[in-house]
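Below is one structure, written out as structure tokens; comments come after it.
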Amino acid sequence: MFEPVVATLITSMARTVTGARSLWMGCAPEPVQRIYFANHSSHGDFVLLWASLPPALRKLTRPVAGSDYWNKSAVRRYIISRVFNGVLIDRERKDPVDNPLQPMLDALENGDSLIIFPESTRNLEDGLLPFKSGLYHLAKSYPQAQVIPVWIAN
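The sequence shown begins at 27 in this note's numbering and counts up one residue at a time.
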């Protein structure tokens, strides 16, 4: 009920405070299934990326985030699950039988687009950290989704 209002407040504030804007190079903002992958330097990265999408694409695009961070409080849980419709992943594999990509594969199967950060953690240095293999495995498992690189310049 309040989620669209909260989403509008968060995205408007993010764009106003940071001046974030999108420069679409090589593709247009179209409602096709995509895996957006980006560098990661702050907790606000997915908010900036999500806020820079046109509203129609935001409804189709789900940020992938670590459950260890977003499940720490009821407010965080509400924001990631109800406002952003995020896909929470367990970064520490507790059972070797479980596929850590399954929540993302389920979202793709449902027709959603994803925002992922293949460095897997925030990088406070210049340049990129080595990517984890999840992006490769997602693209291989779901080749019909376009894989779109994104650079966030903070």
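Even glycine gets a Cβ: it sits at the ideal position worked out from N, Cα and C.
Could you spell out the range, first to last residue, of the alpha helix (DSSP H) harbouring residue i?
i	result
Y162	160 to 167
P57	Note, P57: premise wrong, no alpha helix (DSSP H); not H, not E.
S48	Where S48 is concerned, there is no enclosing alpha helix (DSSP H), given that its DSSP letter is neither H nor E.
D132	128 to 135
What are the residues that DSSP puts in a beta bridge with residue i?
i	result
F63	I142, P175
L114	A91
Residue i to residue j, Cα distance in whole Å?
i	j	result
G92	I115	5 Å
L79	Q128	25 Å
A165	P30	30 Å
W76	P89	8 Å
Y104	A171	28 Å
S159	P144	8 Å
Can you check which of these residues, the options, is closest to residue i by C-alpha distance?
i	options	result
A33	Q172, K85, S99	K85
L134	P169, I174, I36, L74	P169
P81	T37, H163, Y162, I141	T37
M39	V73, P55, V113	V73
Item to check | Whole runs of the beta strand (DSSP E) within the region 63 to 109, excluding any shorter than 3 residues | outcome: 87 to 92
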